[in-house]
Amino acid sequence: MARRNKYDVLVILTNNAALIWKEARGIAPDSAADKLDDAMLEWQSELTITLRIWIDKGLAMTTGELILARANLGAVVESWLKFFYCVYYDDYCKNPIT
1 MARRNKYDVL
11 VILTNNAALI
21 WKEARGIAPD
31 SAADKLDDAM
41 LEWQSELTIT
51 LRIWIDKGLA
61 MTTGELILAR
71 ANLGAVVESW
81 LKFFYCVYYD
91 DYCKNPIT
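Just so we're aligned: 16 in this note's numbering is position 16 of the sequence shown, and the numbers increase by one with no gaps anywhere.
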């Protein structure tokens, strides 16, 4: 079996998470499922796949491309944070950090 690189593993894990949680009703409480419906999880997969552009460019990026790469990476991180917020929303409401 061929060894996968870290990017391929990241894409697979992201796609799997998005597919599972896209239909969150029955897995998550209704309040969390409502938030997941609005979270645009399909963007999470698309943004992760788009990271390939910057990996392929390597060190030969212009300043503008580097800014776009950082924005892409920031959007991926923000999307994952939004995902975890949605999934753990009810737990947080039961025991908020004060």
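Glycine residues also receive a C-beta, built at the ideal position from the N, C-alpha and C atoms.
With DSSP as the reference, label Arg4 as helix, strand or coil.
Reduced to three states, the DSSP call for Arg4 is coil.
Whose C-beta lies closer than 6 Å to the C-beta of Ala39 among residues of the same chain, with five residues either side of it excluded?
Once the five neighbours on either side are set aside, the close Cβ partners of Ala39 are Lys82 and Cys86.
Just how far apart, CA to CA, sit Leu49 and Leu36?
Before going on, a small fix: residue 49 reads as Ile here, not Leu. Their Cα atoms are separated by approximately 20 Å.
Could you tell me the alpha carbon to alpha carbon distance between Asp91 and Trp80, rounded to whole angstroms?
Spanning the two alpha carbons is a distance of roughly 17 Å.
Please state whether DSSP places Ala18 in a helix, a strand or coil.
Residue state, collapsed to three classes: helix.
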